[in-house]
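Below: the structure, in structure tokens.
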Amino acid sequence: AQSVTQLGSHVSVSEGALVLLRCNYSSSVPPYLFWYVQYPNQGLQLLLKYTSAATLVKGINGFEAEFKKSETSFHLTKPSAHMSDAAEYFCAVVPPGTDKLIFGTGTRLQVFP
Amino acid sequence: DGGITQSPKYLFRKEGQNVTLSCEQNLNHDAMYWYRQDPGQGLRLIYYSQIVNDFQKGDIAEGYSVSREKKESFPLTVTSAQKNPTAFYLCASSTKGSGFGEAFFGQGTRLTVV
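Protein sequences, first through last, are from chains A and B. 1 is the number of the first residue of the first sequence in this note's numbering; add one for each residue after it. 1001 is the number of the first residue of the second sequence in this note's numbering; add one for each residue after it.
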């Protein structure tokens, strides 16, 4: 079954450091891919999405992700972490030909001063 | 304002009781979803619906039921058959088909069995 794998349930960085959150998908056909962010006790908010146009996708709050078909990856990056980036981040996929939105297990990002 | 509303925010259930979680959207979205969130397990899909009067089981449908009588509404019933219902429940809606877009989420309902 189509799924996404997020490597690392917790990531810690210093303020100003690079943020890298990893996501790999399992499909021979590129699916729709998404990154969402969740703040405590709230719903999820879309950061960015890949829908087969540009492979480098820019999102809100300075985040971006690069779709790499050869690596079946869609890693999320931000050049310089801010304290307000501390949250849980979810990678999600919509398998081709479906409307079924499937999430990874999430990565909690901590940002230290 | 357009959006998706879940109620109540907190819900307490006695063992053996059925409870219904409400989800309403005014975004004119065709697709709606229910997820369960547990620490360390991400969001797991319970049920989803692509059109009125039709819905499909997700990965963990046992012990849950849904209805989709109106486009705007997708209530979830947690039945007594669900053995471990304590969790955070999230409802979402989106456009569907080849133009799949952003999924909008409600603020969630935290269900606790007492």
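C-beta: ideal position from N, C-alpha, C; glycine also. On a predicted model such as this, the values are computed, not experimentally measured, just so you know.
Legend entry - Limits of the beta strand (DSSP E) - the one that Gln-1050 (chain B) falls within: 1042-1051
Inset, instruction - Put Ser-1098 (chain B) into one of helix, strand or coil per three-state DSSP. - result: Unreliable positioning characterises Ser-1098 (chain B) in this predicted model, as indicated by a pLDDT of 49, which lies under 50. The coordinate reading is nonetheless provided below. Helix at Ser-1098 (chain B).
Legend entry - 7 Å Cβ cutoff, Gly-97 (chain A) in contact with chain B: no
Inset, instruction - Compare the Cα-Cα distances from Met-1032 (chain B) to each of B:Pro-1008, B:Gly-1063, B:Leu-1090 and B:Ser-1049 and report the closest residue. - result: B:Ser-1049
Inset, instruction - For Asn-42 (chain A), go through chain B and note every residue whose CB falls closer than 9 Å to its CB, in chain order. - result: Note that residue 42 (chain A) is Gln in the sequence shown, not Asn. Near Gln-42 (chain A) (Cβ distances below 9 Å), the residues of chain B are Phe-1105, Gln-1107 and Gly-1108.
Inset, instruction - May I ask which residues mark the beginning and end of the beta strand (DSSP E) holding Cys-23 (chain A)? - result: Segment: none, Cys-23 (chain A) is in no beta strand (DSSP E) and carries neither H nor E.
Inset, instruction - Could you tell me whether any Cβ in chain A is nearer than 7 Å to the Cβ of Gln-1025 (chain B)? - result: no
Inset, instruction - Determine whether the Cβ of Ala-1087 (chain B) lies closer than 7 Å to any Cβ atom of chain A. - result: no
Inset, instruction - Please confirm if Leu-7 (chain A) has its CB atom under 7 Å from at least one CB of chain B. - result: no
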